[in-house]
Structure formats: structure tokens, C-alpha cells
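Residue numbers (this note's numbering): 1 to 486.
Here's what the structure looks like:
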């Protein structure tokens, strides 16, 4: 684990200081026009003070973007944006600059870190001008509404953390068009609907989408993912747990599906996940027996299947796995357990069907349920892992910036410890922008009123309530390719 932290910190450090490559980003007419609309303010009336001297066009872009954002921040109780004044955006709180990828002689805004600032408002479309961003962290605030479609411009974004806010709508499809994204965290929001299949074809290392309102079945191609951590807890997913998850035998470290509406048997081949350390299927409607293949999961440290409708015998060698430290299985219909299992459960085996144990289900309850054997094939779940298809073609034909020749290793978040509610991941890199701990929000203040522009008291930066024009398509937004101007 220490080695993983080292790689993670180095990955973020390399991304923020921009290990340089001198390849020039391509110029495209359509994207240049879209960029000009944003830069000139669109319908917002945003203009720059002619007395300002910007060190390069990137900084002018950043100034326009950040002033537009400040104009729609409705509440800033800690005065975070008080120093968002003047042309030197690198001195703004939460804004981090570095040498640009394509021109090391120029600085650019490489990161935004506004975690835990209690800011309220929305995200303006102008943020798409920050096309050199490597990380964007705004967790634990009160931002609301839909996400700007202009985020599709973040062609080198490495980490996206929008957790613990009030964003709404379907899954943000611009995420599928970010070629360098490795870390996706949209936990604790109000997103809803189905997950797109394309999500699991992306080369992400962490997929954290718990505590939203996503529903329907999981895509069958979930096993195509190379993620080490997948947390889908506290949503409304239903149906089967796709057997294709066993395709992730070499990559998956933690799988948390807690508190959904899955109604099926566990995949028989789940034991193929030889590197899995955390498996949490608790608080669902899982049926049948624990697969005997689970005895082969030698890396397993935490197993939680409590509060389901599982039955039969607990596999004899399961509780003798060398690294297993915690096994929760209360509130099921198991009929047999070993002393090793009881120790791992902390003597908490209640509401099962064990003889001579306290707080078990009644004989009538057990007899009625166990007299009706579970036919796992009746659920219609796929019985074999699905083969990996070839990589999906890019959604946009236009070329994208090349990654640095020495790409940083993918971040590996710290292990989750799933007790009654899964703990968010916490880590701190060695260079800003910094990760801060992500607490589970026990309470969020009431929704803020509709964001309004503040009085224009910072020179001729004029505000208008009309947002800039949206991208051409809601479902499949066009991905402009911007070339930084010198």
C-alpha cells in the first residue's frame, strides 16, 4: 500500500508540474470559433479591463473563466474568492499554475482545488476556457444544477472530483470524451438514470459514483473496466451482478455494491477475482448460496454479504483465507458456519438459521424459505464472463493532444473500509493542488437561491444573467479542440 501511495503522489506531482512535451496542440476552425465565443463572453457581456497586462493568452482565458465563475457564486462564507481580483490568476485562492505542456515558456492554469470551501452557486460554461487543466477538485461544496457541457474541452484532465455537491441530471456524458481521465469521483450528488456502457470502456483507475440516484441494470460490459476501485453503493441498481466482473481478475482491488436493489445470485466465477481485497454486497436482495469459488480469493480482506437472502452452507474454507479480517453475514438464511467464521463476524451471526445460536430466525421462517430452493438460472443472468471487445472508436474524429511521453502511473486510492456506510477515500499529495479527506456528508445546508451576479466593483467586468450559448447537442456534445494562443 505504501508503494501505491508513492506512485499516486508522484502521479499527481508529475501532472501538476506538467512533465513537458513540446508537441504543439492542433488548431481547428470550429473549436476556435467556440473558444472565441467563450472568450468574448458570449451573451454575458464579460469584458476585460484594457489596462490589464496578461503574460499570455492562456492567462487572459483563465481570467475570463474565473471571473465568470465568481459572478455566479452565490455564497462564499469563507471569502475564498475575495482575492480573485486582477490579471494575476495564479495568485487566486485555489488556482494553481504550471508550465504548459506544449510551450514550457508559458504558464497556464493547471489545477483547481476548492475542496471543503462551502461555496454555493453553479458552474458557468466559461470554465471550458481552462483547457489546460490537469485536475479539477471541488468536493464538499454546495454547487448545484447541471454540469457545463464545455467541460468536454478538458482534453488533458487527469482527475475530476465533483463529490459532495448538489449536481443533477443524467450521468455527465462529457466524461466519456476526456481521453486522459483516470480518476472519476461524483459521489454524494443527485445524478440519476442509467450508467452508459461507454463508462466501462474508458481506461479509468477509480470509478466512485456512490450515493446518487442511478438506477436500472448495470451494463454487461462492466468487466471491460481496468479500474482498481469501483464503488456503486447507495444507488438503485437492480437485476444481476454481471458475471463479466470476473474479467477484471488482474486489476480490481475493491468492489462496493452495497445498498442497491440487486436481485439475483452471485456470479459462480467470482472467485476468479484473485486480487480483490474488499467485496461488499450487503443490503441487497441477493439469493442462492455463496459460490464455492469464493474460497480461492486469497487476497480478500473484507467480505460483507449481510442483509440479503442468501442461504445454504458457508463454504468451509472461506473463513480460513489467509488475509480475511472481517466477514459480515448476519440477516440471511445460512444454516451452517465454522468457528473461524464466527470469530471473523465478531459473534454477530443473528437472523440466520443456525442451531443453538441466539437471535436466529424462527423455525417457521427458516423452514418456509429453505423449502423453496433457489433456481439461479431463472434470473437470466449471464453465466460466463463476456469477452473483451476491441476498444471503442473515439466519439470525435478530431485529433486530441498527445499525452506526455513518460505518462505518470494511474492513481490508486486508499482502501475503503465499508462498515455501515462506505468510507470515502482520503489522501494528500506532496504538491498542490491537494487532496483533502472526503467525509460522508451527514448534513448539507438548504439549497441556495438561484445564483445572481454580484455588483461589478472590480473594474469593467460586466455581468449579465444570461448564460453563454450551449453546445450544439445535449446528448452528444461536440468536443472542441483548442490551440493555445501565444
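Backbone N, C-alpha and C fix where the C-beta goes; we use that ideal spot for every residue, glycine too.
Quiz item: In terms of residues, what are the limits of the alpha helix (DSSP H) holding residue 176?
Solution: Sequence index remark: in the chain shown, residue 176 carries index 176 (1-based). Looking at the DSSP string, residue 176 is not in any alpha helix (DSSP H), and its letter there is neither H nor E.
Self-check item: Chain-order list of residues whose beta-carbon lies under 7 Å from that of residue 495 (same chain, five-residue window excluded)
Solution: Absent from the model: residue 495. The displayed extent of the chain is 1 to 486, so no value can be given.
Exercise. Could you name the residues of the same chain whose beta carbon sits closer than 6 Å to that of residue 239, not counting the 5 residues immediately before and after it, in chain order?
Key: Taking the first residue of the chain shown as position 1, residue 239 is located at position 239. Answer for residue 239: 217, listed in chain order.
Self-check item: Option nearest residue 199 by Cα separation, candidates 177, 313, 365, 215
Solution: Sequence index remark: in the chain shown, residue 199 carries index 199 (1-based). Closest option to residue 199, Cα to Cα, is 177.
Quiz item: Based on the DSSP output, what are the partners of residue 226 in its beta bridges?
Solution: To locate residue 226, count along the chain shown from 1; it is residue 226. Answer is none; residue 226 lacks a bridge partner.
Self-check item: Residue span of the beta strand (DSSP E) that contains residue 107, given as start and end
Solution: Start at 1 with the first residue of the chain shown, and residue 107 comes out as number 107. Unbroken beta strand (DSSP E) run through residue 107: 107 to 113.
Quiz item: What whole-angstrom Cβ distance do residue 100 and residue 132 have, given they're in contact under 8 Å?
Solution: As a first step, residue 100 must be located in the chain shown, where it is residue number 100. As a first step, residue 132 must be located in the chain shown, where it is residue number 132. Rounded, the Cβ-Cβ distance is 6 Å, consistent with contact.
Quiz item: So what's residue 125 in DSSP terms, helix, strand or just coil?
Solution: The residue given as residue 125 occupies position 125 in the chain shown. Here residue 125 sits in helix by DSSP.
Quiz item: residue 291 to residue 346, Cα distance in whole Å?
Solution: Walking along the chain shown from the start, residue 291 turns up at place 291. Walking along the chain shown from the start, residue 346 turns up at place 346. Rounded to whole angstroms, residue 291 to residue 346 spans 23 Å at the Cα level.
Practice problem: On a CA-only basis, which of 272, 94, 305, 300 is nearest residue 258? Give me that one, please. | Solution: Position 258 of the chain shown, counted from the start, is the residue given in the question as residue 258. Checking every option, the nearest Cα to that of residue 258 belongs to 305.
Quiz item: So, residue 188 versus residue 214, is the Cβ gap smaller than 8 Å?
Solution: Within the chain shown, residue 188 is the residue found at index 188, counting from 1. Within the chain shown, residue 214 is the residue found at index 214, counting from 1. Result no, Cβ atoms of residue 188 and residue 214 do not sit closer than 8 Å.
Self-check item: Three-way DSSP call (helix, strand, coil) for residue 556 in this model
Solution: Given a span of 1 to 486 for the chain in the structure shown, any question on residue 556 remains unanswerable.
Quiz item: Under a Cβ-count criterion, where at least 16 other Cβ atoms within 10 Å of its own Cβ denotes burial, should residue 269 be classed as buried or exposed?
Solution: Looking up residue 269 in the chain shown gives position 269. Classification for residue 269: buried.
Practice problem: Report buried or exposed for residue 443, applying the criterion of at least 16 other Cβ atoms within 10 angstroms of its Cβ. | Solution: Position 443 of the chain shown, counted from the first residue, corresponds to residue 443. The predicted model places residue 443 with a pLDDT of 29, which falls under 50 and marks its position as unreliable; any figure quoted below should be read in that light. Flag for residue 443 reads exposed.
Self-check item: Spatial neighbours of residue 331 in its chain, beta-carbon cut-off 6 Å, leaving aside the 5 residues before and after
Solution: Here the question's residue 331 lines up with position 331 in the chain shown. Cβ within range, chain order: 306, 307, 351.
Quiz item: Counting only runs that start and end within the segment 236 to 303, where is the alpha helix (DSSP H) found for 4 or more residues in a row?
Solution: none
Practice problem: Kindly give me the distance between the Cβ atoms of residue 165 and residue 144, rounded to whole angstroms, as I take these residues to be in contact under 8 Å. | Solution: For the purposes of this step, residue 165 is identified with residue 165 of the chain shown, where counting begins at 1. For the purposes of this step, residue 144 is identified with residue 144 of the chain shown, where counting begins at 1. Going by Cβ atoms, the distance from residue 165 to residue 144 rounds to 7 Å, so yes, they are a contact pair.
Quiz item: Taking DSSP as the reference, what is the three-state secondary structure of residue 60?
Solution: In the chain shown, residue 60 corresponds to position 60, counting from 1. Residue 60: helix per DSSP, three-state reduction.
Self-check item: Short Cβ contact (8 Å threshold) for residue 312 with residue 295
Solution: As a first step, residue 312 must be located in the chain shown, where it is residue number 312. As a first step, residue 295 must be located in the chain shown, where it is residue number 295. Contact: no.
Quiz item: Which partner residues of residue 169 appear in the DSSP bridge assignment?
Solution: On the chain shown, residue 169 is found 169 positions in, with the first residue counted as 1. DSSP lists 191 as partners of residue 169.
Self-check item: Residues near residue 92 in its chain [Cβ-Cβ closer than 8 Å; skip 5 each side]
Solution: Reading the chain shown from its first residue, position 92 is the one you call residue 92. If we look at residue 92 and ignore the five residues flanking it on each side, its Cβ neighbours are 66, 81, 83, 84.
Quiz item: Tell me, which residues are paired with residue 161 by DSSP?
Solution: For this step, residue 161 is matched to residue 161 along the chain shown. Its beta-bridge partners are 137, 185.
Quiz item: Going along the chain, which residues of its own chain have a beta-carbon closer than 8 Å to the beta-carbon of residue 340, five neighbours each way excluded?
Solution: Counted from its first residue, the chain shown places residue 340 at position 340. Hits under 8 Å: 319, 320.
Practice problem: Assuming residue 230 contacts residue 255 (C-beta within less than 8 Å), just tell me the rounded distance between them. | Solution: Here residue 230 is taken as the residue at index 230 of the chain shown, counted from 1. Here residue 255 is taken as the residue at index 255 of the chain shown, counted from 1. About 5 Å; that satisfies the 8 Å criterion.
Practice problem: For residue 170, collect the residues of the same chain with a Cβ closer than 6 Å to its Cβ; drop the 5 residues on either side in sequence, then sort them by chain order. | Solution: Along the chain shown, one-based indexing puts residue 170 at 170. Result list for residue 170: 193, in chain order.
Practice problem: Compute the distance between the beta-carbons of residue 134 and residue 111, then report whether it is under 8 Å. | Solution: Residue mapping note: residue 134 aligns to position 134 of the chain shown, counting from 1. Residue mapping note: residue 111 aligns to position 111 of the chain shown, counting from 1. Yes, these two residues count as a Cβ contact at 8 Å.
Exercise. Could you work out which residue in 130, 124, 118, 120 is closest to residue 97 when comparing CA atoms only?
Key: Taking the first residue of the chain shown as position 1, residue 97 is located at position 97. Of the candidates 130, 124, 118, 120, the one whose C-alpha sits nearest the C-alpha of residue 97 is 130.
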